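**Q**
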Amino acid sequence: MITWDWDIVRNSVQWSSNVEAPLKEFLQKRGATYEALLELVHPEDRTMVNEEVQRALRNEDEMDFKVKYRIIVPDGTILWTMNHGQVLHDEDGGKPVRMIGVSMRIKS
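Per the numbering used here, residue 274 is the first one in the sequence shown, and the count goes up by one each step.
(1) Just how far apart, CA to CA, sit residue 280 and residue 297?
(2) Could you give the C-beta distance for residue 319 and residue 311, rounded to a whole number, given that I count them as a contact under 8 Å?
(3) Cβ of residue 342 within 8 Å of Cβ of residue 350?
(4) How is the alpha helix (DSSP H) around residue 356 delimited, first residue to last?
(5) Does the beta-carbon distance from residue 329 to residue 360 come in below 8 Å?
(6) Return the chain-ordered ranges of every alpha helix (DSSP H) run that is complete within the region 276-314 and spans a minimum of 4 residues.
(7) Quick one: what does DSSP say residue 321 is sitting in, helix, strand or coil?
(8) Measuring only the C-alpha atoms, how far is residue 306 from residue 293?
(9) With residue 377 as the anchor, note down where its beta strand (DSSP E) starts and where it stops.
(10) Mind checking who residue 340 pairs with in its DSSP beta bridge?
(11) Whose CA, out of 314, 304, 301, lies closest to the CA of residue 383?
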């Protein structure tokens with residue numbers, strides 16, 4: 274399990290130190306942005322993941338972000354992951370400024 278913190282304003286994602294080497298190398302080369310991370314998502318799951326993120330940012334249904342999907346690591350291996358997150362808003366409570374959460378590898 275790893276933790277992550279997406280600074281939405283700066284579009285920068287920070288991960289806990291236990292990120293596996295292939296992913297860490299990819300993020301160092303490509304940059305740890307939302308768009309870079311979306312590139313890792315399996316093409317068949319990418320639209321669904323993006324829609325769930327956008328729903329969470331709009332605060333629809335007042336639910337936290339939770340989504341199960343596949344990623345393709347740089348060596349071509351396909352892994353299933355479950356992400357749970359929560360959107361944090363600015364002091365006025367309106368604009369989303371961060372999303373924090375955990376990512377766990379799971380079996381399909």
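All C-beta atoms, glycine included, are put in the ideal place defined by N, C-alpha and C.
None of these values were measured; they are calculated from a predicted model.
**A** Based on what the coordinates show:
(1) In the sequence shown, counting from the first residue as 1, residue 280 sits at position 7. In the sequence shown, counting from the first residue as 1, residue 297 sits at position 24. Looking at the two C-alpha atoms, the distance is approximately 18 Å.
(2) Within the sequence shown, residue 319 is the residue found at index 46, counting from 1. Within the sequence shown, residue 311 is the residue found at index 38, counting from 1. Yes, residue 319 and residue 311 are in contact; Cβ-Cβ is about 6 Å, under 8 Å.
(3) Position 69 of the sequence shown, counting from 1, holds the residue named residue 342. Position 77 of the sequence shown, counting from 1, holds the residue named residue 350. Going by C-beta atoms, residue 342 is not nearer than 8 Å to residue 350.
(4) As a first step, residue 356 is located in the sequence shown; it is residue number 83 there, counting from the start. Not the alpha helix (DSSP H): residue 356 falls in the beta strand (DSSP E), residues 351-362.
(5) Position 56 of the sequence shown, counted from the first residue, corresponds to residue 329. Position 87 of the sequence shown, counted from the first residue, corresponds to residue 360. Yes.
(6) 294-303, 307-313
(7) Translated into positions along the sequence shown, residue 321 becomes position 48. It is helical.
(8) Taking the sequence shown and counting its residues from 1, the one referred to as residue 306 is at position 33. Taking the sequence shown and counting its residues from 1, the one referred to as residue 293 is at position 20. Rounded to whole angstroms, residue 306 to residue 293 spans 17 Å at the Cα level.
(9) Reading the sequence shown from its first residue, position 104 is the one you call residue 377. Segment 369-379, the beta strand (DSSP E) holding residue 377.
(10) As a working note, residue 340 is residue 67 in the sequence shown. Paired residue(s): 356.
(11) Nothing about residue 383 can be read from this structure; the chain reaches only from 274 to 381.
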